[in-house]
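Remarks on the structure that follows.
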Amino acid sequence: MTERSAQLTGAAIFASLSAEELELVSTAARPVWFGAGERLFVEGTPARGCWLIQDGCVALDLLVPGRGQVVVQTLGRGDVLGWSWLLPPYQWHFGAVALQPTTATELDTDLLRTLADQDPRFGYSLALSLFQACVQRLQATRARLLDLYRSPRDQH
Amino acid sequence: MTSTEHASPVAEPMLPVPYLVAGRAAETHDCATLRLEPAGDSLPPFQPGQFTMLALPGIGEIAISISGDPAGQDGSLTHTIRAVGAVSTALHNAPLGALLGVRGPFGTTWDLPSAAGRDLVIVAGGVGLAPLRPVVLGALAGRGSYRSVCLIAGARTPAEFLFRGELAAWSRRPDIEVELTIDQPAAGWDGQVGFVTEPLARLPVDPARTTAFLCGPEPMLRFAAEVLLRKGVAAGDIRVSLERNMQCGIGLCGHCQFGPILVCRDGPVVSYTLAGPLLTIREL
Chain A
5 MTERSAQLTG AAIFASLSAE ELELVSTAAR PVWFGAGERL FVEGTPARGC WLIQDGCVAL
65 DLLVPGRGQV VVQTLGRGDV LGWSWLLPPY QWHFGAVALQ PTTATELDTD LLRTLADQDP
125 RFGYSLALSL FQACVQRLQA TRARLLDLYR SPRDQH
Chain B
15 MTSTEHASPV AEPMLPVPYL VAGRAAETHD CATLRLEPAG DSLPPFQPGQ FTMLALPGIG
75 EIAISISGDP AGQDGSLTHT IRAVGAVSTA LHNAPLGALL GVRGPFGTTW DLPSAAGRDL
135 VIVAGGVGLA PLRPVVLGAL AGRGSYRSVC LIAGARTPAE FLFRGELAAW SRRPDIEVEL
195 TIDQPAAGWD GQVGFVTEPL ARLPVDPART TAFLCGPEPM LRFAAEVLLR KGVAAGDIRV
255 SLERNMQCGI GLCGHCQFGP ILVCRDGPVV SYTLAGPLLT IREL
């Protein structure tokens, strides 16, 4: 195992990847750092890049007329940020901004897509890993939609 | 020893003891914390996790968890009350000097001492923070007895967190990790936005050495417990506080029956080993 792939072994999202697959992912990985307030990407722009957050906090936001940039969710240690690069139209659906100094592993998604096209078995494993993270995010969002802390007295 | 402990029985459990409202602090738009002082004799000391039956003459009686500091037991009681129905609204609005009838303390406890030497993960949703406040205070008072202590609290909005002053103070302490998260985006909030399961999923956990304490709406208990179970924490190391319509408080009337248990007597704090299978049964 190389030093680069060793950095990825602790990432829960890649827990199901084999050592060989992890090595492939590591060829697309590089460490990055964002200062507080630094924007990672803007909604509507071409989607390139995927980040495994190691420390810090990143907000997903959206411009809502009259309300400004509204934070819809925050991500932190161990979370994966960015999967719009995987599917057409390859544009960011939300923006992302670091709320705190944030360290992450950035994945070169152009390279990942090329590797996945060349080796569909690897591509399937990679897609499953991202899908698992996506489902967990969806389930948490559904839980929020239930508005569980609402007072029984309140009417919608 | 079970994972949740029964405290000593109360001598006269059906006899309300008069208490006066000696202090009142608004927590949110519909929650207030009342400090009650005995008008005469006081009730026995409480254990974290227990509840009392609070009565207002001519209005009614309901079960309310004790949210006070277990270390400062001078006979007074602290309850945090959300105004929902007729009785809770009347209690919430009770002015200083109002006379209440109090029975208890009743029910099982969080049994914090049995978690000595372990990591504590405390997860609270909404007003579920009230019954867990004694756990946090107890853990901080005996901080050397535990490994890491983490509190994850969720609310709809920043203004709906209970105990905001204490949460801020706890957040500044180096010996407890505090993760606050809100469900609904709010202007001016620079903290986390997401359900409590999200910071919980991010939390590094040593499953064999973790004891978890969960309180909040039942679906939240299930979702949070599922995250912990996925991390390898045993169901027997997850404690949850249940809520049912409690009337007598001592297991006589059966109003709070929840499958094989009576929540007032066998709960409110139970192991997830017991609660988990029951929480998915409709209309139980």
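Those sequence lines, one after another, are chains A and B.
The numbers in the working numbering rise by one with no breaks, and the one at position 11 of the first sequence is 15.
The numbers in the working numbering rise by one with no breaks, and the one at position 132 of the second sequence is 146.
We put the beta carbon where it would ideally sit given N, CA and C, even for glycine.
Residue i versus chain B: which residues are under 8 angstroms apart at the beta carbon?
| i | result |
| --- | --- |
| A147 of chain A | F209, T211, P233, M234 and F237 |
| V76 of chain A | P199 and V207 |
| C61 of chain A | Q206 |
Can you give me the start and stop residues for the beta strand (DSSP E) that residue i sits inside?
| i | result |
| --- | --- |
| Q77 of chain A | G72 to G80 |
| S79 of chain B | G74 to S79 |
| R49 of chain B | C45 to P52 |
| A102 of chain A | G99 to A102 |
| D189 of chain B | Careful: D189 of chain B lies outside any beta strand (DSSP E) and carries neither H nor E. |
| A33 of chain A | A33 to F38 |
| L228 of chain B | T224 to C229 |
| C270 of chain B | It is not in any beta strand (DSSP E) - C270 of chain B carries neither H nor E in the DSSP assignment. |
| V247 of chain B | First-last for V247 of chain B: undefined, no H or E at that position. |
Taking residue i as the reference, which of the options has the closest Cα?
| i | options | result |
| --- | --- | --- |
| L214 of chain B | B:L256, B:I166 and B:D204 | B:I166 |
| A85 of chain B | B:T94, B:L151 and B:C45 | B:L151 |
| G74 of chain B | B:R49, B:C262, B:P188 and B:T123 | B:C262 |
| R186 of chain B | B:L176, B:C164 and B:I196 | B:C164 |
| V101 of chain B | B:D88, B:G115 and B:I76 | B:I76 |
| A21 of chain B | B:V31, B:P231, B:P62 and B:R178 | B:P62 |
| R279 of chain B | B:L293, B:I295, B:L298 and B:N259 | B:N259 |
| I264 of chain B | B:Q206, B:F120 and B:V284 | B:F120 |
| R132 of chain B | B:W124, B:D125, B:P27 and B:A222 | B:A222 |
| I190 of chain B | B:W203, B:L243, B:A173 and B:I136 | B:I136 |
| R49 of chain B | B:D55, B:G99, B:L110 and B:E26 | B:L110 |
| V74 of chain A | A:C61, A:F98, A:W87 and A:W89 | A:F98 |
| W203 of chain B | B:D220, B:F237, B:G99 and B:E174 | B:E174 |
| L242 of chain B | B:E212, B:E257, B:S255 and B:G268 | B:E212 |
| G281 of chain B | B:D44, B:A108, B:T66 and B:P59 | B:T66 |
| A25 of chain B | B:L57, B:G290 and B:P32 | B:L57 |
| H93 of chain B | B:C45, B:P127 and B:G99 | B:C45 |
| Y160 of chain B | B:T103, B:I275 and B:L126 | B:L126 |
| E110 of chain A | A:L103, A:W89, A:D123 and A:Q104 | A:W89 |
| L152 of chain A | B:A169, B:L154 and B:V219 | B:A169 |
| R147 of chain B | B:T42, B:W184, B:T171 and B:A129 | B:W184 |
Using a C-beta to C-beta distance shorter than 7 angstroms, which residues of chain A count as neighbours of residue i?
| i | result |
| --- | --- |
| I96 of chain B | The identity of residue 96 of chain B in the sequence shown is Arg, whereas the question assumes Ile. The answer, in chain order, is S155. |
| D204 of chain B | L103 |
| P44 of chain B | It should be pointed out that residue 44 of chain B corresponds to Asp in this sequence rather than to Pro. Near D44 of chain B (Cβ distances below 7 angstroms), the residues of chain A are S155. |
| G54 of chain B | Result: empty, since nearest Cβ-Cβ is about 34 angstroms, beyond 7 angstroms. |
Could you have a look at residue i and say whether DSSP puts it in helix, strand or coil?
| i | result |
| --- | --- |
| G208 of chain B | coil |
| E297 of chain B | coil |
| M15 of chain B | Note that M15 of chain B scores a pLDDT of 39, beneath 50, so its modelled location is shaky; the value from the coordinates is reported in the next line. The answer is coil: DSSP assigns M15 of chain B none of H, G, I, E or B. |
| G202 of chain B | coil |
| V219 of chain B | coil |
| F65 of chain B | strand |
| F18 of chain A | helix |
| E240 of chain B | helix |
| F45 of chain A | strand |
| E180 of chain B | helix |
| L12 of chain A | helix |
| V283 of chain B | strand |
| A21 of chain B | coil |
| E232 of chain B | helix |
| W89 of chain A | helix |
| P59 of chain B | coil |
| E26 of chain B | coil |
| A51 of chain A | coil |
Run through chain A and tell me which residues come within less than 9 angstroms of residue i, C-beta to C-beta.
| i | result |
| --- | --- |
| A301 of chain B | Nothing can be reported for residue 301 of chain B, as the shown portion of chain B is limited to 15 through 298. |
| E174 of chain B | Y153 |
| A169 of chain B | Y153 |
Tell me the residue span of the alpha helix (DSSP H) that contains residue i.
| i | result |
| --- | --- |
| Y286 of chain B | Y286 to L292 |
| V31 of chain B | Premise fails: V31 of chain B lies in the beta strand (DSSP E), V31 to A40, not in any alpha helix (DSSP H). |
| R258 of chain B | Neither: R258 of chain B is in no alpha helix (DSSP H) and is coded neither H nor E. |
| A63 of chain A | Segment C61 to V68 is the beta strand (DSSP E) holding A63 of chain A; no alpha helix (DSSP H) there. |
| S30 of chain A | A23 to S30 |
Along chain A, in chain order, which residues have C-beta atoms closer than 8 angstroms to that of residue i?
| i | result |
| --- | --- |
| A133 of chain B | Looking at the sequence itself, residue 133 of chain B is Asp, so the reference to Ala does not match. Ordered by position in chain A, no residue passes the 8 angstroms Cβ test against D133 of chain B, which lies about 17 angstroms from the chain. |
| G139 of chain B | L152 and Y153 |
Using a cut-off of 7 angstroms between C-beta atoms, extract the partners of residue i located in chain B.
| i | result |
| --- | --- |
| L150 of chain A | P233 |
Report whether the distance from the Cβ of residue i to the nearest heavy atom of the ligand HEM is below 8 angstroms.
| i | result |
| --- | --- |
| G179 of chain B | The ligand HEM is absent from the structure shown, which contains no ligands of any kind. |
Taking only runs of the alpha helix (DSSP H) that begin and end inside the region 91–163 of chain B, which ones reach a length of at least 4 residues, in chain order? Within the region 91–163 of chain B, the complete alpha helix (DSSP H) runs of at least 4 residues are 100–106 and 143–155.
Uninterrupted alpha helix (DSSP H) stretches inside the region 105–151 of chain A (no shorter than 4 residues): 113–122 and 124–149
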